[in-house]
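Undergrad: Got a structure for you, questions after.
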Amino acid sequence: MPRIMNFLKDPWKLFTAVALVCLSLLIGVSQFWILRTSFQQEGGELTITTDRKTGGLYVEQTAVKGFHVDIPDSRHIVLSQNGNEVCFLEAVASGTIRITYAGFDEKIGIGLKDTELILEGKSLTLQLSQKIFGNLFSGNAMVAPLHAIPVGPSQIEISYHPGAYLHIADKSKHFTFDNYKRFLQESKYLEAIRNSLIVMISSTLLGAVFGVGLAYVYARFRLRGTSFVITMITMASISPPFLGAYAWRILLGSSGIITRALGLNWSIVGMHGVIWVIAWLVFPIIFLLSYDSFTSLDHSLRECSMSLGGDRRKTLFKVEIPLAMPGIINGLYMAMMTSFTDFGTPYVISLNLNVLPVMIYKEYMNEIGGNLSIASAGSMLMVFLSFLLLSAQKIYLARRSYASIKTHQPSVRLASPKQKLASGIVTFIILFCAFIPHLTVLITSFFEWKVGILTNQVTVANYTRLFRTNLNSIWVTLFTGGVATALNFVFGIGIAYVIVKKKHWKAAGWLNQLVMVPYLIPGTVLGIGFILMFNQKPILLTGTWLILVLAYFVRKLPYSVKSAESALYQVHSALGEAAESLGAKPLRSFWQITFPLMIGGVISGMTLSFLQIMTEISATIILYRPPWKPMTAVVFENTIDAGSDFGVASAMTVLLMVMLYVPLYIVTIKTRKPKEARIESI
Amino acid sequence: MKVSDSHERRSTTVTIEDLVKKFGSLQALKGVSLDIHEKEFFTLLGPSGCGKTTLLRSIAGFEKPNSGRILFNGINTTELPPWEKNIGFVFQNYALWPNKTVFQNVSYGLELRKKSKDYINEKVQWALAMVELTGVEKKYPEEMSGGQQQRVAIARALVIDPDILLLDEPLSNLDAKLRISLRKQIRQIQKALGITAVYVTHDQEEALEISDRIAVMNNGVVLQVGRPDEIYRNPKDIFVADFIGKANLIEGNLDDGIFLSAAGSRIPLSKFVKSQQGGAVLFTRPELLVHDSVPIDGGIPAIVSERFYLGNISRYSLELDGGSQMLLETNKEYKSGDTIYIKVEKYEIF
Amino acid sequence: MKRNAVVLLLLVCIVGFGFAAGQSESSKSPAEVAGTVNLYTPHGSEITDPILDAFRAKYPNVKVQIVTSGTGELLARLEAEKNNPSADVMWGGDTTSFDSYQALFASYESPEDAAMQSVDPNHKWHPFAVLCQPILVNTDLLKEDQYPATIKELVELQWKSGKAIALSDPNKSGTGYTIVSGLVNAYGWDFVKELVEKSVVMPSSDSMFKAVKDGELPAGFINEDLGAKWEAEGLPVKMIYATDAVTVQMDAVALVKDGPNPELGKLLLDFICSADSHKIAVEKISRRSARKDVDPPSFLPALGDLKLYAANEPRQIVNAKFDSLLK
């Protein structure tokens, strides 16, 4: 009893418990399903054709899965699973086959589901179907359906069309490691892993060169337009999915606008293009977190180094960068995760580049049933690789858990005219590159598109069509994004607080791991997991807005927690403890002391998270159903199809940008202003 | 009635019984027991990592010990969280809230206690006056010096009339001169209010100067508790001897009133009473050696190898016959290379 | 208190919207039908709009909600949603795809079936259009004398990277399956092996089309309706009906089993299958109708003039063999 009382006395413990339960349900259950699937394989399948003259049977060996097939002679087939004979097939006559189950005296139930024949035994359940290829234009000949008669113990005779492909499948799930073995042995999967790693590292490094470099310049020098640049980069952090890649392709593809104008024999399509586009996608994240880190450095540490004889370069590499490292590492980590799980860019800007998210998506979304098991194994492998990254980052941050109380503001240096010019040029180039997709989309939205091709006709028809047909999507996006962000705000701050300030709790460790899990899950996979989890009673959520909200909430929770964590690392725990020693209970101390000190950082993080929700695509395309169709779904529907009208997509994107950038601009200005003002006052 | 006269404060004794605290595999406190008397200025002294801060935070309630008890005035408070303890806690890094003014910082605890506005105004004035800060109410912490900030932090702790004042290395972020003046001020305030104070420091000089009693800690264990002079003169432990002040510690063997150092020097010990024999460590304070430039009764010769000028006195490094080193502190003048004679009269054998 | 409120809010949401998922409309009088019908289609709006506009004109009170995505994605969605379907009609995708997913669709004997060139004996799918996949070349990248006239010549095409042809993976694309299986039908697997060695294998048919249109590769295959439009718009592409073999498939439409609004679904399906909308399809979107009574678009070659090859092996076999070629 006293233990329980003590537990209830501490609201943070209660919160931790609630958060653990909710998240375990949302993340754990859906992921468990995928994990289970990754260790499952359907029993097997084979396709049999019949020699119409002799009645002999033929099995296409490359298309056999799961079973081991022995063919002693052309009239007999022996099926084995895991080294045990399970079933014998014998051609009785042309179009008649006798199936004997290996288990003696097995009672076999015969069922017909649609056109499929089901033989349900104790040891084995087979599903049989036949497919006849006639003339495409006279295929209306009625074919007798499969017919089964029991002829003895464990024995059934099947009559089928002798010209048909007879498909026999054991669809029951068997436990197996094969999916993982295949993944780690077959070259196409290994190549996907390799490509993913190359894309992740290269684009993050490229993004870091722009991001960290620019962040340092703006954190250290007093430059005109600093807040403008920060605002612009914050805005660049939301590039609508697909369109960034699409715009670069319009510009620099083989027949792109620029490629043609310059007569280049070059194309951005390919791995280099993927790296390039993703680098621009992740560079704002790196910049924003690095900038925050640099500006919150205690400048006395820097001066200390300089006074000890360190020149500027030494100070930069020995003092400033190491001290800002937690923030930079956070940024790099987030960038790596983004590039690792990005689906839209490689999908649009590479012909056949096999990266893990695209491969998994394609294995899931397959017209012939897909290979859920392989896709699940791939997902789990992605989860594992991401987990390694996460662990590395965690170990790094834990090793340097210093926090300084922000009593000093960083010093800003006046830049020489040369430096001003150089930084101006670099800034211009970086911003220009970052906004090329936006500009391209903006301009093309005012041109007429025909069957996916841009014409030179100026028009507003794209917008009028958009408003006529898709206005509802705007409300859907705002509403679902808003609710999800509100949830993220509450849970993000709370969880970050528990993780940072109660690190010695076991539950805090669990929470920390759990919260990061969605980061490791490609959105598509999360979507499928949600569909499977919420598609049955008692919780029937498919087709509602709530399933979108929950998906967005879970998917962006890591971002929210990370940003709140970053903000919290800057608030020394003594500040909260001081209030507690004066009699404030933990919640009050948090609400009155810690929260106001971290809110600036949190708001910028939540803004990012809100924007990312509004531009979320990979889970959305699985989960949305009319009438709850968000704007990104409209963009998606109008982008991917080769013949569809890209005009609506570009108009919708422009609208999306307007809706995102206006509030973002206001928030950015508001959260940055006080900082600026204080820098001025020193 | 003036608020400053209000004596809601009780004088508090603290009893700590067999306190154990673990952080994972690290055992920060290994069964600590202490009695802190009322109105006492009690210092926890030790090197960093010795567990002194953990002990202080356990007293405050920030850390929950794994076992053992903490009693305030005989009442078990081990399980009480800090916000139910009525303590004043002063942090090493001041922990002032940068977004609040000095007044808001100091008045926070009173507002939590739902005091009237007038009471708060007067009491904040009183607390700031205690730490000799006035007219800074509207300033923000970052506009003040480190010493001023720490005094605000002390005022913030005192304003709620705490039962006990806990200070966690409050002066270690300040410069030397300020440290000395502020520690005197802290001691005066403590005396004036008659409040029990527990003070954590790694600075033995600071501890010796302001404490009523000191507990020397190392590796999660209390090695010795006593008045500053007791601890200085009669350390019970080789660690204490070494940690407090300057010490000559010489390893060797005892043989019937003669100490044979490991290096090979022969040191006769006067007034040797113990019947101890065998391996031991000889401890003396440098300023307690009997010495002269001419031979003295029972003394042994030593060569002055180096001299350090300390202002009022000098410290000499001596080399004994056989090679052992010793330090001598005195205001007497010797020159480097002189042969002098010393005698060990006040000493401890460990 | 705050946390309680959050928990409560969550609970209310979960419970409330669990119940609010479905919606139902019933219709009695055919003239005054009202309600919402949900359509899944891989077709872009350029194909759906003309016919749906006509449908809306006829039934002003019926709202059509559309989900557009790849055929594979849509079928995967239907599969995932089968316990709680939200679609009434699936429009588009070749007949073999529908055959592979029979369990998702309802048997429905449409009054329009009789007019079709082909009928599903199980009445799951109903033909919509006949679709050939001619060769598509990029006219910026190839000179006229380089254009392949036959599939054989296509495989001989020289290109700097060695791989000149865009080909979508039959494992991932229905069009890819039609092309590969059709070419196997014409020339056998050994020939397709040569083809694959000269091809960049794409994860979807859309990316195959775009690769040629955007000039990333000089040649590939295209659905003829899209190719015709691109040619008409003056894009740098040209469709070539190979004289030795042209692959062909039949596009279909089907009623989703246990959809939320089956009556309206049937209404929409019948409308899509009607002669009127097939005429629209021919005129506005250059598709060959699957109806016997509707002539193909004038600018497409007559089917009788082409050596047509349809798929003749089931997907499992085509996929497995294609996979083994890639290894």
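Each protein sequence line maps, in turn, to chains B, Z and A.
Taking our numbering, the leading residue of the first sequence gets 2, the next gets one more, and so forth.
Taking our numbering, the leading residue of the second sequence gets 367, the next gets one more, and so forth.
Taking our numbering, the leading residue of the third sequence gets 245, the next gets one more, and so forth.
Don't be surprised by glycine CBs; every beta carbon is placed ideally from N, CA and C.
Keep in mind that this is a model prediction, so the values were computed, not measured.
1) Less than 7 Å separating the beta-carbons of Asp338(A) and Gln493(A)?
2) So, do the segment 377-395 of chain A and the segment 508-519 of chain A have three or more beta carbon pairs nearer to each other than 8 Å?
3) Note down, in chain order, every chain Z residue with its Cβ under 9 Å from the Cβ of Glu578(B).
4) Please report how far the alpha carbon of Lys407(A) lies from the alpha carbon of Glu397(A), in whole angstroms.
5) Which ranges would you report for the beta strand (DSSP E) in the segment 427-499 of chain Z if only whole runs of at least 3 residues count?
6) Taking 7 Å as the CB-CB cut-off, is Glu581(B) touching chain Z?
7) Hey, would you say Lys66(B) sits closer than 7 Å to Glu46(B), going by beta carbons?
8) I'd like the span of the alpha helix (DSSP H) that includes Leu265(B), first residue to last.
9) Give the secondary structure of Cys376(A) by DSSP, where H, G and I count as helix, E and B as strand, and everything else as coil.
10) Any idea what DSSP makes of Asp106(B), helix, strand or coil?
11) For Ala320(A), tell me which candidate among Ala564(A), Glu356(A), Ser344(A), Gly288(A) has the shortest Cα-Cα distance.
12) I want to verify the contact list: residues of chain Z whose CB lies under 7 Å from the CB of Ala575(B), in sequence order.
13) Just list the residues that DSSP pairs Ile402(Z) with in beta bridges.
14) Let me know the secondary structure DSSP gives Ala404(B) once reduced to three states.
15) For Ser330(A), tell me which candidate among Glu477(A), Val526(A), Leu499(A), Tyr553(A) has the shortest Cα-Cα distance.
16) Only counting the same chain, and skipping five residues up and downstream in sequence, which positions put a Cβ closer than 8 Å to that of Ala301(A)?
17) What is the DSSP secondary structure of Val381(A), counted as helix, strand or coil?
18) Just reading off the beta strand (DSSP E) that Val444(A) is part of, what are its end residues?
19) At which residues does the beta strand (DSSP E) containing Arg632(Z) begin and terminate?
20) Judging by CA-CA distance, which residue of Gly689(Z), Pro536(Z), Ala646(Z), Ile679(Z) is the nearest neighbour of Ala461(Z)?
21) DSSP state of Glu61(B), grouped into three classes?
22) Once you ignore the five residues that flank Ile291(A) on each side, which residues in its own chain have a CB closer than 7 Å to its CB?
23) So does Gln516(Z) have its beta carbon nearer than 6 Å to some heavy atom of the ligand FMN?
24) Quick check on the DSSP output: what are the complete alpha helix (DSSP H) runs of length 4 or more inside the segment 586-623 of chain Z, in order along the chain?
25) For chain B, find out if any of its Cβ atoms is closer than 7 Å to the Cβ of Pro392(A); answer yes or no.
26) Tell me the residue span of the alpha helix (DSSP H) that contains Thr543(B).
27) At a CB distance below 8 Å, what residues from the segment 426-447 of chain A approach chain B? Give them in sequence order.
28) Could you name the residues of the segment 490-514 of chain A whose beta carbon sits closer than 7 Å to any beta carbon of chain B, in the order they occur along the chain?
29) Using a Cβ distance threshold of 8 Å, determine whether the segment 620-636 of chain Z contacts the segment 584-596 of chain Z, with at least three qualifying pairs required.
30) Would you say Ile594(B) faces chain Z, with C-beta separation under 7 Å as the test?
31) Whole angstroms are fine: how far does the CA of Ser313(A) sit from the CA of Asp520(A)?
32) Any beta carbon of chain B sitting closer than 7 Å to that of Asn366(A)?
33) Hey, would you say Ile382(Z) sits closer than 7 Å to Ile436(Z), going by beta carbons?
34) Just checking, does the segment 517-524 of chain Z make contact with the segment 462-474 of chain Z on the three C-beta pairs under 8 Å criterion?
35) Bridge partners of Phe288(B), per DSSP?
36) On the three-pair Cβ rule with 8 Å, is the segment 645-655 of chain Z touching the segment 702-714 of chain Z?
TA: Looking at the atomic coordinates:
1) yes
2) no
3) Arg423, Ala426, Phe428, Pro448, Phe455, Phe457, Ala461
4) 14 Å
5) 433-438, 453-456
6) yes
7) yes
8) Leu265(B) -> no alpha helix (DSSP H), and no H or E assigned at all.
9) strand
10) coil
11) Ser344(A)
12) Phe457, Asn459, Ala461
13) Val380(Z)
14) For Ala404(B), the predicted model reports a pLDDT of 47, less than 50, meaning its position is unreliable; a value from the coordinates is still stated below. Three-state DSSP puts Ala404(B) in coil, outside helix and strand.
15) Leu499(A)
16) none
17) strand
18) 443-446
19) 632-634
20) Pro536(Z)
21) coil
22) Ile529
23) Looking for the ligand FMN in the displayed structure turns up nothing, as the structure carries no ligands at all.
24) 594-599, 604-609
25) no
26) No alpha helix (DSSP H) contains Thr543(B), which DSSP labels as neither H nor E.
27) Val444, Val445, Met446, Pro447
28) Val492, Met494
29) no
30) yes
31) 26 Å
32) yes
33) yes
34) yes
35) DSSP lists no partner for Phe288(B).
36) yes
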